[in-house]
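Chemist: Protein chains in written order, with this note's numbering: chain E, 65 to 233; chain S, 6 to 354.
Note that CB positions come from ideal geometry on N, CA and C, so glycine has one too.
In this text, all values refer to a predicted model and were calculated from it rather than measured experimentally.
For reference, the structure I am asking about is given below.
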Amino acid sequence: MEFILFYIFGFIAVVSALLIILQKNPIYSAVFLILTLFSVAILFLLLNAQFVAAVQVLVYAGAIMTLFLFAIMLLNIKYEEKAFSKLANLKITGIFVTFVLFIEFMYMIFLRKGLGIAGNISPEKVAEVGNVELIGKILFTKYLFPFEVASLVLLVAMVGVIVLAKKKF
Amino acid sequence: MVDLIIELVIIILKIGIVIGAVMMGVAYMTLAERRLSGFIQDRLGPNRAGPQGLLQPFADGIKLFFKEDFIPDSAEKLLFFIAPGMIFVPALCVIAVIPFGDSLNIFGREIQLRIADVNIGILYIFAIASLGVYGIVLGGWSANNKYTLFGSLRSVAQMISYELALGLSVMGVLMITGSLRLTEVVEVQRSYFFGFIPHWNIFLQPVAFIIFITAAFAETNRLPFDLVEAEQELVGGYHTEYNSMKWGLYFLSEYANVITASAVITTLFFGGWHLPWIEKIPMPQILLELLQIGSFVLKTAFFSIFFIWVRWTFPRFKYNQLMSLGWKVFLPIAILNVLVTGLFYAIFS
């Protein structure tokens with residue numbers, strides 16, 4: 065059952081991720097990005113990470129993508145499509161970057177099997193202690209510093225946006 | 006194997022009953038809306054189809070199904086076609102985690118009275134509900150009409166602004182309960198203060214309740230926050246170009262959202278299916294369970310009616326008022342509420 069679901073949603077995630085970059089119309093790209101994020105959330109669910117799945121949908125598919133759409137809807141789509149076709153001279157760069165990335169992936173997948181060290185958290189423990197409790201505990205003890213740094217980065221971005229918006233040109 | 010099939014049948018039956026109940030609720034809310042508005046404005050409202058107009062929703066449904074389905078020439082066809090579904094599906098999915106009763110014992114089989122008891126219940130509700138906005142946004146954009154686009158833009162800004170206050174107001178309830186699981190939220194509310202006042206969260210978190218219900222009005226695009234479809238400014242708002250059953254889906258989702266919001270309010274703040282003082286009266290188990298389901302339905306119905314009542318009582322806000330209310334009033338109060346709840350929790354336990 066889980067395998068079937070994994071293949072279905074993995075397939076949807078990959079195909080819609082491809083469709084994001086194959087669309088000329090940015091609105092359709094955004095819609096496929098929502099679909100990708102949603103199917104990745106389902107993959108998280110299959111990994112017993114209910115909290116991460118819910119936050120993925122809530123924050124990425126729900127809130128951030130709404131803002132993306134908000135910005136895209138205010139663009140002139142016709143002009144964007146024209147500008148898109150002007151990017152043709154970047155094709156060589158794109159092919160090069162993709163090739164390097166492909167080599168990296170292949171290296172990681174085939175030459176370094178068994179990535180990372182398995183943690184001490186199993187599905188049974190998640191069911192016993194609770195998903196949110198486990199993440200909360202780790203986030204506020206072991207990873208407190210990175211967590212606070214991340215919030216600082218977000219704060220700086222917010223201040224930056226407000227400074228830019230308040231500026232009189 | 007037989008056990009598995011029986012379990013499957015029970016789950017499908019539960020889903021069918023709940024969705025059926027929500028759809029019936031939606032149908033009769035459309036009638037209640039018009040009859041109550043008639044009552045408030047001292048007129049009759051639709052009372053011709055069947056006794057007291059009780060068959061009106063079915064007449065409307067038949068009419069919507071058989072109307073010509075017209076797609077504007079300049080519309081983005083594909084998105085225009087799927088957008089109503091993108092709001093209707095989340096509207097129905099949200100109800101899945103809400104417990105509408107304790108458990109029924111039928112033929113020696115314990116049946117939990119909820120479709121799914123997930124450990125992230127409240128987050129699930131917020132996550133799925135936040136997807137509903139795409140139906141409005143894409144529907145408004147794909148119609149290629151400036152009024153619908155304005156409706157969409159307004160809905161995005163409004164949803165984002167009020168989702169924050171909505172989420173933060175629930176934090177207080179979560180801190181008291183200590184769990185995201187909605188069955189536990191109800192379980193905690195089953196005891197009593199001083200032995201007779203029900204331990205409902207409304208008494209512990211009145212501020213959170215006021216923020217939550219106001220933000221729920223904004224999230225469901227109901228008056229006084231229905232800027233998204235303000236008829237006087239935007240013709241019909243985001244669904245101006247829609248007709249027949251596509252428009253009907255928007256209409257149904259709005260009422261389904263209202264019913265879901267009422268059910269969530271009932272569960273979080275008014276004890277869910279808990280019927281106070283009833284445990285002391287001796288009665289057969291099955292009767293008790295049915296009474297508890299009845300109390301859940303009644304509480305939900307009350308808040309659904311409250312949504313209608315408010316609509317015909319208050320005028321619409323201005324857009325800048327809506328925004329400053331969300332960001333400058335509700336958000337700080339919600340954060341303060343979390344702080345105060347945390348302080349009390351730290352001192353008294």
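Assuming contact is defined by CB atoms lying nearer than 8 Å, are Ile264 (chain S) and Thr305 (chain S) in contact in what I supplied?
Modeler: Contact: yes.
Chemist: Would the region 120-135 of chain E count as touching the region 130-141 of chain S if we require 3 or more Cβ pairs under 8 Å?
Modeler: Segments in contact, yes.
Chemist: Does the Cβ of Asp8 (chain S) have 16 or more other Cβ atoms within 10 Å, making it buried, or fewer, making it exposed?
Modeler: Exposed: under 16 other Cβ atoms inside 10 Å.
Chemist: On a Cα-Cα basis, can you pick out the residue from S:Ala266, S:Trp332, S:Asn248, S:Ile340 that is closest to Leu69 (chain S)?
Modeler: Out of S:Ala266, S:Trp332, S:Asn248, S:Ile340, S:Asn248 has the C-alpha closest to the C-alpha of Leu69 (chain S).
Chemist: Terminal residues of the continuous beta strand (DSSP E) containing Arg114 (chain S)?
Modeler: It spans 114-117 - the beta strand (DSSP E) in which Arg114 (chain S) sits, taken as one unbroken run.
Chemist: Using 8 Å as the Cβ pair cut-off and three pairs as the minimum, do the region 206-224 of chain S and the region 271-290 of chain S touch?
Modeler: Touching, yes.
Chemist: Please report whether the beta-carbon of Trp332 (chain S) lies at a distance below 8 Å from any beta-carbon of chain E.
Modeler: Not one chain E Cβ lies under 8 Å of Trp332 (chain S).
Chemist: Identify the continuous alpha helix (DSSP H) that holds Asn206 (chain S) and give its terminal residues.
Modeler: That run of the alpha helix (DSSP H) goes 206-209.
Chemist: Please list, in chain order, all residues of the same chain as Met34 (chain S) whose beta carbon is under 8 Å from its beta carbon, the five residues on each side excluded.
Modeler: These residues qualify, in order along the chain: Tyr260, Val263, Ile264, Ser309, Ile313.
Chemist: Does the beta carbon of Gly194 (chain E) come closer than 8 Å to any beta carbon on chain S?
Modeler: It does: the Cβ of Gly194 (chain E) has a partner Cβ on chain S nearer than 8 Å.
Chemist: If you measure from the beta carbon of Ala339 (chain S) to each beta carbon in chain E, is any gap under 8 Å?
Modeler: No, its Cβ sits nowhere closer than 8 Å to a Cβ of chain E.
Chemist: Got a sec: which bits of the region 123-134 of chain S sit with their beta carbon under 7 Å from any beta carbon on chain E, in order along the chain?
Modeler: Residues Val123, Asn124, Ile125, Leu128, Tyr129, Phe131, Ala132.
Chemist: Taking just the CA atoms, how far does Tyr92 (chain E) sit from Ile116 (chain S)?
Modeler: Between Ile116 (chain S) and Tyr92 (chain E), the C-alpha separation is close to 44 Å.
Chemist: Can you pull the chain S residues whose beta carbon is under 7 Å from the beta carbon of Gln114 (chain E), in chain order?
Modeler: Ordered by position in chain S, the residues that pass the 7 Å Cβ test against Gln114 (chain E) are Val123, Asn124, Ile125.
Chemist: Pick helix, strand or coil for Ile84 (chain E), following the three-state DSSP scheme.
Modeler: Helix, per DSSP.
Chemist: Can you pull the chain S residues whose beta carbon is under 7 Å from the beta carbon of Ala125 (chain E), in chain order?
Modeler: Per Cβ cutoff of 7 Å: Leu136.
Chemist: Taking the straight line between their C-alpha atoms, what separation do you get for Ala221 (chain E) and Val164 (chain E)?
Modeler: So the two alpha carbons sit approximately 31 Å from each other.
Chemist: Check this for me: beta carbons of Gly242 (chain S) and Gly144 (chain S), under 8 Å apart or not?
Modeler: In this structure, Gly144 (chain S) does not lie closer than 8 Å to Gly242 (chain S) by Cβ.
Chemist: To the nearest angstrom, how far is the alpha carbon of Glu66 (chain E) from that of Leu99 (chain E)?
Modeler: Those two C-alpha atoms are separated by around 20 Å.
Chemist: Ile15 (chain S) lies in the beta strand (DSSP E); which residues open and close that run?
Modeler: Counting along the chain, Ile15 (chain S) falls outside any beta strand (DSSP E), though it belongs to the alpha helix (DSSP H) covering 7-45.
Chemist: At what residue ranges does the region 180-212 of chain E contain a whole run of the alpha helix (DSSP H), taking only runs of 4 or more?
Modeler: Counting whole runs of 4 or more residues, the region 180-212 of chain E contains the alpha helix (DSSP H) stretches 187-193, 195-204.
Chemist: Listed from N- to C-terminal order along the chain, which residues in the region 161-190 of chain S have their beta-carbon within a distance smaller than 8 Å of any beta-carbon of chain E?
Modeler: Hits within the stretch, in order: Val161, Ala162, Met164, Ile165, Glu168, Ser184, Leu185.
Chemist: I'd like to know whether the C-beta of Tyr247 (chain S) is nearer than 8 Å to at least one C-beta of chain E.
Modeler: False, the Cβ-Cβ gap to chain E never drops below 8 Å.
Chemist: Starting from Leu143 (chain S), follow the alpha helix (DSSP H) in both directions and report where the run begins and ends.
Modeler: 138-147 is the span of the alpha helix (DSSP H), which, as asked, contains Leu143 (chain S).
Chemist: Since Pro203 (chain S) sits in a beta bridge, which residues does DSSP pair it with?
Modeler: Answer by DSSP bridge pairing, in chain order: S:Tyr197.
Chemist: Do Glu168 (chain S) and Glu224 (chain S) have their beta-carbon atoms positioned less than 8 Å apart in this structure?
Modeler: It is a contact, given that the beta carbons lie within the stated cut-off.
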